[in-house]
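A quick write-up on the structure given underneath.
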Amino acid sequence: MEEFFRGFAQRARDLAENADPFTKRRLLDLAQRYDLKSRPGAPGGRTLPPPRATPPTALFSGSGEA
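All you need for this note's numbering is the position in the sequence shown, starting with 1, plus 43.
Below is the structure:
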């Protein structure tokens, strides 16, 4: 899996060479994120938020009838 992300990072850098400044910045940022994912033992992707202690209030806003 590391090789997969490393390849994507290089591809993003290659595309960034000929891109406009806005796109170049975004592609280089993307390449950096892929590099982080390609490192063995590094946490990949997003972490989940902590679970809620109570359900959202939207579940209780109604007439009360099922």
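Each residue gets a CB set at the ideal place from its N, CA and C atoms; glycine is no exception.
| query | result |
| --- | --- |
| C-beta atoms of Asp72 and Ala52 nearer than 8 Å | no |
| Close beta carbons around Arg82, own chain, < 8 Å, minus the five adjacent residues each side | Glu45 |
| Per-residue burial, Phe48 [other beta carbons within 10 Å of its own, 16 or more giving buried] | buried |
| Local Cβ density within 10 Å of Ala55, reported as buried at 16 or more and exposed below that | buried |
| Where Arg82 falls: helix, strand or coil (DSSP) | coil |
| Spatial distance of Arg95 from Ala62 (CA atoms) | 42 Å |
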